[in-house]
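Visitor: Numbering (my numbering), first residue to last: 116 to 589.
For glycine and all other residues, C-beta sits at the position ideal for the given N, C-alpha and C.
Computed from a prediction, not measured in an experiment: that's the story for all the values here.
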Amino acid sequence: MKLGEIAECIGAQGQLNETWAQLEPRGVSIDSRTIRPGELFFALRGPRHDGHDFVGEALTRGACGAVVSEAMPPLRFQAPQAAFLRVKDTLAALHTLARAVRERWGGPVIGITGSAGKTMTKELTARLLAAEGARVLKSAGNLNNTYGLPLALLQLISAGVRPETIDYVVVEMGMSAAGELTQLCSIAHPDVGVITNVSSVHLEFFPSVEAIAEAKAELIDHLKDDGLAVLNLDDPLVARMRFRRLIPARTFGIEALVDVTARDIHLRGLAGSRFTLRTPRGDVAVTLPLLGRHNIYNALAAAAVADYYGVSLGRMAQALSEAVPAPMRGELIEFPQGFKVINDAYNSNPRALTEMVTTLCAVNGVGRRIVVAGEMLELGHDAARLHRACGREMARRGVDVVVGVRGLARQVIAGAQEEAGASLVTHFCETPEAAAHWLFDNLQDGDLVLVKGSRGVRMERVIETLWQLSAERG
Numbered sequence: 116m117k118l119g120e121i122a123e124c125i126g127a128q129g130q131l132n133e134t135w136a137q138l139e140p141r142g143v144s145i146d147s148r149t150i151r152p153g154e155l156f157f158a159l160r161g162p163r164h165d166g167h168d169f170v171g172e173a174l175t176r177g178a179c180g181a182v183v184s185e186a187m188p189p190l191r192f193q194a195p196q197a198a199f200l201r202v203k204d205t206l207a208a209l210h211t212l213a214r215a216v217r218e219r220w221g222g223p224v225i226g227i228t229g230s231a232g233k234t235m236t237k238e239l240t241a242r243l244l245a246a247e248g249a250r251v252l253k254s255a256g257n258l259n260n261t262y263g264l265p266l267a268l269l270q271l272i273s274a275g276v277r278p279e280t281i282d283y284v285v286v287e288m289g290m291s292a293a294g295e296l297t298q299l300c301s302i303a304h305p306d307v308g309v310i311t312n313v314s315s316v317h318l319e320f321f322p323s324v325e326a327i328a329e330a331k332a333e334l335i336d337h338l339k340d341d342g343l344a345v346l347n348l349d350d351p352l353v354a355r356m357r358f359r360r361l362i363p364a365r366t367f368g369i370e371a372l373v374d375v376t377a378r379d380i381h382l383r384g385l386a387g388s389r390f391t392l393r394t395p396r397g398d399v400a401v402t403l404p405l406l407g408r409h410n411i412y413n414a415l416a417a418a419a420v421a422d423y424y425g426v427s428l429g430r431m432a433q434a435l436s437e438a439v440p441a442p443m444r445g446e447l448i449e450f451p452q453g454f455k456v457i458n459d460a461y462n463s464n465p466r467a468l469t470e471m472v473t474t475l476c477a478v479n480g481v482g483r484r485i486v487v488a489g490e491m492l493e494l495g496h497d498a499a500r501l502h503r504a505c506g507r508e509m510a511r512r513g514v515d516v517v518v519g520v521r522g523l524a525r526q527v528i529a530g531a532q533e534e535a536g537a538s539l540v541t542h543f544c545e546t547p548e549a550a551a552h553w554l555f556d557n558l559q560d561g562d563l564v565l566v567k568g569s570r571g572v573r574m575e576r577v578i579e580t581l582w583q584l585s586a587e588r589g
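1. Tell me, please, which residues DSSP counts as bridged to Ile448.
2. Distance check for Arg357 and Ser323, CA to CA, integer angstroms please.
3. Residue range of the alpha helix (DSSP H) that Ser436 falls in?
4. Take Leu348 as the anchor and find which of Gly342, Lys331, Gly368 has the nearest alpha-carbon.
5. Take Trp220 and list the residues in its own chain whose beta-carbon comes closer than 6 Å to its own, dropping the five residues that flank it on each side.
6. Take Val313 as the anchor and find which of Ala328, Leu299, Leu206, His304 has the nearest alpha-carbon.
7. Would you please state the rounded distance, in angstroms, between the beta carbons of Leu428 and Val399? I believe it to be under 8 Å.
8. Hey, out of Ser436, Ala488, Gly425, whose CA is closest to Val456's CA?
9. Return the first residue and the last residue of the beta strand (DSSP E) that Leu563 is part of.
10. Which parts of the region 161–239 are runs of the alpha helix (DSSP H), unbroken and 4 residues or longer, counting only runs that do not cross its ends?
11. DSSP three-state label for Gln270, please.
12. Decide yes or no for the touch test of the region 195–212 against the region 375–390: beta carbon pairs closer than 8 Å, at least 3 of them.
13. Exposed or buried, Ser301, counting other C-beta atoms within 10 Å across all chains shown (16 or more means buried)?
14. Taking one C-beta from the region 253–261 and one from the region 277–292 each time, how about it: are there three or more such pairs within less than 8 Å?
15. What whole-angstrom Cβ distance do Thr205 and Ser184 have, given they're in contact under 8 Å?
16. What are the boundary residues of the beta strand (DSSP E) that includes Lys331?
17. Quick test of the definition: if touching needs 3 or more C-beta pairs under 8 Å, does the region 529–543 touch the region 558–571?
18. Taking the Cβ atom as the reference point for each residue, do His502 and Gln526 lie within a distance shorter than 7 Å?
19. Determine the direct distance from the alpha carbon of Ala432 to that of Thr402, and round the result to whole angstroms.
20. If you scan the region 332–393 from start to end, which runs of the beta strand (DSSP E) of 3 or more residues do you find wholly inside it?
21. Pick from Asp459, Arg588, Asn413: whose alpha carbon is nearest that of Ile578?
22. For Arg359 and chain E, any beta-carbon pair shorter than 7 Å?
23. Applying the 10 Å Cβ sphere with the 16-neighbour rule, what's the burial state of Leu361?
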């Protein structure tokens, strides 16, 4: 897409000269630290930073131009080697461009939302759709919000991508307030909407879990009339969405009567699981090398989409057998000292934490089972109770050691102590680094450690520090 077309699309002020108008940017970026030569920089105002302060850095790194606010003084942005597109609202311009690129491309978009499992379901869905040679674009990492979703769609005009050769786009769609999914749907216009589950996340911004479900259901409300809803019927709040609109639905689950399910499930600890995948088109044996029962649900959601688009059962089974965990989402790490760590540090909520604790405690042939639980954020007025309940559940399931990290993680320890008493080893630290030092001094050969916490706590620092200590102390 040429710069002149982009300027017209987003309603940029002024006239580009012919040289700039014919230039084709190599992509779009909103981050001056990672922008690549030839990309177009959008100067967005975020909660902590204003992108206009980094236009110079973006140009130094090779940006071909920048989309800036018309409210900024013209003299602030002058550089002969770059084009400047001035608009009323740079974020709105980003959305407008992404919407136009999506509409021009015209292929199927699969949108995935839910309180947990979005990223892994996105990864598995993209993997299954590509199993028979289809070309699939997917959102990178967890680009799922008002900034990230447009960037995911704008990959269609990145260097090296020929939109006409792309068969599917799979995007993650996150939200922390009512109306956000409506906005994202207005950009992505999804053909298929997947809802993995609904649980107590973002309660700081919602009065109840039911209100969260209502916000998630916006994805169903804004699917195309001939679209497809893919719903987890084992989740009561998701099951209620089945008849929200008179559009086709594919259902998945393990307990409920559904279209796509898993039978003869064998959980294999750190090796993942085996099960029979049952679909409307038949059954196939699956070996899934991803930890935990929750990943079976993610695989079923992906299989429901792939089945709808006609991917063969054999190809699905093969693709699932080759699945790998997304970064910081169930990665298994072995340390030379003989202990193992399950890195699930990307994010946490009570439901997801309990699922991973269940997975941890189902593993046989290990030493002590240790949970390093970071504070869970955005849980609202019920936060202390929810943390305490998670601690009690850890004790009930047989965790040997509980380490809390930061703030309300003290309540996790309190709950565990209430349930187990003095038989349980507990420790609290205010930082991930301190937790790692305590762990390294106390870990034994054969121990299995789960590390999990909210994104804001940066629990991956526990693992980074463990590696440093491992190298220093041997």
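Guide: Walking through what the data contain:
1. Position 333 of the sequence shown holds residue 448. According to DSSP, Ile448 bridges with Val456.
2. In the sequence shown, counting from the first residue as 1, residue 323 sits at position 208. In the sequence shown, counting from the first residue as 1, residue 357 sits at position 242. Going by the C-alpha atoms only, they are around 20 Å apart.
3. Taking the sequence shown and counting its residues from 1, the one referred to as residue 436 is at position 321. Note, Ser436: alpha helix (DSSP H), 428–436.
4. What you label residue 348 is simply residue 233 of the sequence shown in a count that begins at 1. When each option's Cα is compared against that of Leu348, the closest is Gly368.
5. Residue 220 sits at position 105 when you count from the first residue of the sequence shown. Result list for Trp220: Leu271, Pro278, in chain order.
6. The residue labelled residue 313 in the question sits at position 198 within the sequence shown. Comparing Cα positions, the closest option is Ala328.
7. By 1-based counting over the sequence shown, the position of residue 428 is 313. By 1-based counting over the sequence shown, the position of residue 399 is 284. Confirmed, Cβ separation roughly 4 Å.
8. Reading the sequence shown from its first residue, position 341 is the one you call residue 456. Residue nearest to Val456 within the set Ser436, Ala488, Gly425 is Ala488 (criterion: CA-CA distance).
9. Here residue 563 refers to the residue found at position 448 of the sequence shown. Start and end: 563–567.
10. 170–175, 205–220
11. As a first step, residue 270 is located in the sequence shown; it is residue number 155 there, counting from the start. Three-state DSSP puts Gln270 in a helix.
12. no
13. The residue you call residue 301 lines up with position 186 of the sequence shown. Exposed, by the Cβ-count rule.
14. Touching, yes, given that three or more Cβ pairs across the two stretches are closer than 8 Å.
15. By 1-based counting over the sequence shown, the position of residue 205 is 90. By 1-based counting over the sequence shown, the position of residue 184 is 69. Under the criterion of beta carbons closer than 8 Å, Thr205 and Ser184 qualify as touching, at roughly 6 Å.
16. Sequence index remark: in the sequence shown, residue 331 carries index 216 (1-based). Run containing Lys331: none in the beta strand (DSSP E); it sits in the alpha helix (DSSP H), 324–331.
17. The region 529–543 vs the region 558–571: no contact.
18. Taking the sequence shown and counting its residues from 1, one reaches residue 502 at position 387. Taking the sequence shown and counting its residues from 1, one reaches residue 526 at position 411. Contact flag set, yes.
19. Here residue 402 is taken as the residue at index 287 of the sequence shown, counted from 1. Here residue 432 is taken as the residue at index 317 of the sequence shown, counted from 1. So the two alpha carbons sit approximately 7 Å from each other.
20. 343–347, 364–368, 375–382
21. Within the sequence shown, the letter at position 463 stands for residue 578. Nearest of Asp459, Arg588, Asn413 to Ile578, Cα basis: Asp459.
22. Among the protein chains of the structure shown there is no chain E, as only one such chain exists.
23. Looking up residue 361 in the sequence shown gives position 246. Under this definition Leu361 is an exposed residue.
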